[in-house]
Structure formats: structure tokens, C-alpha cells
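Participant: Take a look at this one; I'll ask things after.
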Amino acid sequence: MNINEIAELAGVSRATVSRYLNNGYVSSEKKEAIRKIIEETGYQPSSQAQQLRTKRTRLVGVIIPKISSSSIARMVSGIGDELSKSGYQMILANTNNDIVEEQKYLSIFRDNQVDGIIFMGTIFTKRHFTLMKECRVPIVILGQHLPGYPCVFQDDYHAAMSATQILMEKGKKIAFIGVTERDEAVGKNRRAGFEAALKSRKICCPASWLKRGEFNIQSGYERAKELFEEEWEIDTIFCATDNLAIGAMKYLKEVGKRIPEDVQLMGMGDTTVGSVVEPYLSTVHFHYESSGVQAASILKEMMDSKEKKNAEIKMGYYILQKQTTR
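Residue numbers for the sequence shown follow the working numbering, beginning at 361 and rising by one.
Put into C-alpha cells, the structure is as follows:
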């Protein structure tokens, strides 16, 4: 079975079948006739022939920092849903927060191995910028604002500020557990939002109450332990991620601190695990899946038009006050 036979059986021209297979315009009536014949015959177009003809692979490289992350998983889900509508497939490249791995995958993808790239980078170096400039395919940055590139990102600064303002209503001694500030979004912007909220109320937070951890539960536990070994009367902890908050919760339970009566606690990310621990974790909800959809939509426009776009989309958020805040 070939394209000429499909055209004859469907009663259309060979060019019409070709447009159908390459997602070009075909009238609804002819589209249904071709679809029916392809379904009945089980015809599968040659991917190699399509690539030679269109010079497109229908593949998108998606570089992610950590495959086990709930937020990353939701963004990838949105990307996949949007790309599949136009017949694209993803190639996932998991870097485990390794800068060298990020650069390796940029090198692999840059020379038309894929039609486009969605890059969830966390720490951009000069080498990253060099590789991205060398790419012959369009790139969209997801999860971080990067001037000069189309990007979709969260409003980390204002989200952290809003959450802190809620905590300040019934908290006096407020501490913070974050991550390295080399991470622009989660590290730098969320801490900056926290500090701006405190400054607006002229609330003092000693430098030793601003802890930096890793992106995991154990780190939250260890940083909380450090905080309370220094100051037992801390009554509020704001954490840059849900995992850090859950780790802090584990420590507080072990030392007999009641949540939220003695210590109130809030995370960021609205992860599934935050909804199953007890008490249920107060947190900030980001529209991660919609972020993935937006990034994929921008990339599809760039791949189809072959034109550069400078779209910058800042996503919204909302606060979920559950059982760990007063």
C-alpha cells in the first residue's frame, strides 16, 4: 500500500493525501475519506521519507533537570498533550541537575536532530548561552525568565511575597528554608519575595534564620534542626518547596512542636505528597501543566513559521491555606 493507492481508494489526488499526512489543509470531507481508508488498510507512512521530503523529524527535545520532580512531571504532561495535537513526539533528556549534562544534550539537539527544544534550565552559564546561540532549531525556556529568549515562567517573587504576608498575620519569629541562589527562580526569586514582605512590615529576620538546602525532604529536616537548635522560639517557617516543608514538618513532629499551634509552616508547589501528609500542608499552587502547554504552543508556532518569537509569559498562582497555617 502506498500513497497513490490511498489517493485512488479515497477518491482524491495524491497531493491531497500528501497534505493530509503532513498536517496541511484538507477539507473536512476529504480528510474524513482519507482517514477512513488509512484506518481500514492500516497504512503507515514512512517516517524516513517524510523527513527527506519535509526536512523535519516531528521530534522535540525536552531537557529537564529532574525526572522525579512533581512540578517537572506536570510541565512535561502539558508539553506532551500540546505537541501530540500536531503529531510531534518528545525526546526527554533528564540531567539530574547536572550542568554538564544540560550542555551535552544541547549539543546533541542543536544540529537538527530535533525540530525544536524546550529547555528547563536552572543555572545558565556562558557555555549554555554559546550552545543556545549555535542551535539551528528554535528554543523555548520553561520555568525561568531569560531575556532574549521566548520563555514561560512562574511568578516566584510575588508568590513568595504573598505567602509570607499571610504568615506574618499570625507569626512573629519567621524563618526561611530555601535553596542555592544560583537557581534564579526557586533560589533567588523566592527568597527575595520573602525578604521583601518582611521589609514591608519592618520585621527582622536574622541572617542565620535564612537557610539554604537541597531540593529534597532530608535537607528540609536538617535545616529545620539547625534553626531550632539556634532559636527554640521560632513560630513560623516558610519553605521554598513543598519537599523542604515536609522535611521541616518531620523534624517538628519529632521534637514535639505542634503544627500549627507552636509553629506554622508553608511550602511552595502544591505537590501530591503535601496533600497526604498530616496535617495537610499549606502551599502555593503554580499552573505547571498550563505552563507546559504554553511553552509547547510557542515552540510549535516557531517551528511552523520558522520565525523567532520573543514571547514572555508569566503564569499566575494562588495560595492554598490548609492545616499547617493558623
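Every residue, glycine too, gets a C-beta built ideally from N, C-alpha and C.
Computed from a predicted structure; not experimentally measured.
(1) Would Ala523 be called buried (16 or more neighbouring beta carbons within 10 Å of its own) or exposed?
(2) Shortest alpha-carbon distance to Met662 belongs to which of Lys562, Leu452 and Val500?
(3) Do you know how far the Cα of Ile423 is from the Cα of Val644?
(4) Can you tell me whether Ser428 is buried or exposed? The criterion is at least 16 other CB atoms within 10 Å of its CB, across all chains shown.
(5) Distance, Cα to Cα, Ile468 vs Met521?
(6) If you follow the beta strand (DSSP E) that Met450 is in, where does it begin and where does it stop?
(7) DSSP three-state call for Met675: helix, strand or coil?
(8) Which ranges does the beta strand (DSSP E) cover as unbroken runs of at least 3 residues, wholly within the stretch 537-575, from first to last along the chain?
(9) Please confirm whether Ser642 and Met626 have their CB atoms less than 7 Å apart.
(10) Using the C-alpha atoms, what's the distance from Glu399 back to Val372?
(11) Check Thr643 in the structure and name its three-state DSSP category.
(12) May I ask which residues mark the beginning and end of the alpha helix (DSSP H) holding Phe484?
(13) Assign Met361 to one of two classes, buried (16 or more other C-beta atoms within 10 Å of its C-beta) or exposed (fewer than that).
(14) Just confirm the distance between the C-beta atoms of Gly580 and Cys599, as a whole number of angstroms; I'd bet it's less than 8 Å.
(15) Assess, as a yes-or-no matter, whether the stretch 568-584 is touched by the stretch 502-519 under the definition of 3 or more beta carbon pairs within less than 8 Å.
(16) To the nearest whole angstrom, what separates the beta carbons of Glu586 and Lys571, a pair I think is in contact under 8 Å?
(17) Restricting to Cα atoms, I'd like to know which of Leu443, His505, Thr417 and Val623 is closest to Lys660.
(18) So, for Gln408: in the same chain, excluding its five sequence neighbours on each side, which residues have a beta-carbon less than 8 Å away from its beta-carbon?
(19) Could you check where the beta strand (DSSP E) with Thr596 kicks off and where it finishes?
(20) Contact defined as beta carbons within less than 8 Å: I believe Thr596 pairs with Lys674. What is the distance between those atoms, to the nearest angstrom?
(21) Taking the beta carbon of Gln504 as the centre, do at least 16 other beta carbons fall within 10 Å, making it buried, or is it exposed?
(22) With DSSP collapsed to three states, give me the class of Leu502.
(23) What is the DSSP secondary structure of Ile577, reduced to helix, strand or coil?
(24) Using the Cα positions of Glu614 and Ile478, report the straight-line distance between them to the nearest angstrom.
(25) Looking at the unbroken beta strand (DSSP E) that takes in Gly421, where does it start and where does it end?
Facilitator: From the atom records:
(1) buried
(2) Val500
(3) 25 Å
(4) exposed
(5) 39 Å
(6) Gln449 to Asn454
(7) strand
(8) 570-573
(9) yes
(10) 16 Å
(11) strand
(12) Phe484 -> no alpha helix (DSSP H), and no H or E assigned at all.
(13) exposed
(14) 6 Å
(15) no
(16) 6 Å
(17) Leu443
(18) Its pLDDT being 45, under 50, Gln408 is placed unreliably in this model, and the value from its coordinates should be taken loosely. Within the same chain, Gln408 has no close Cβ partners at all.
(19) Thr596 to Cys599
(20) At roughly 27 Å, the Cβ-Cβ gap does not stay under 8 Å, so Thr596 and Lys674 are not in contact.
(21) buried
(22) strand
(23) helix
(24) 42 Å
(25) Leu419 to Ile424
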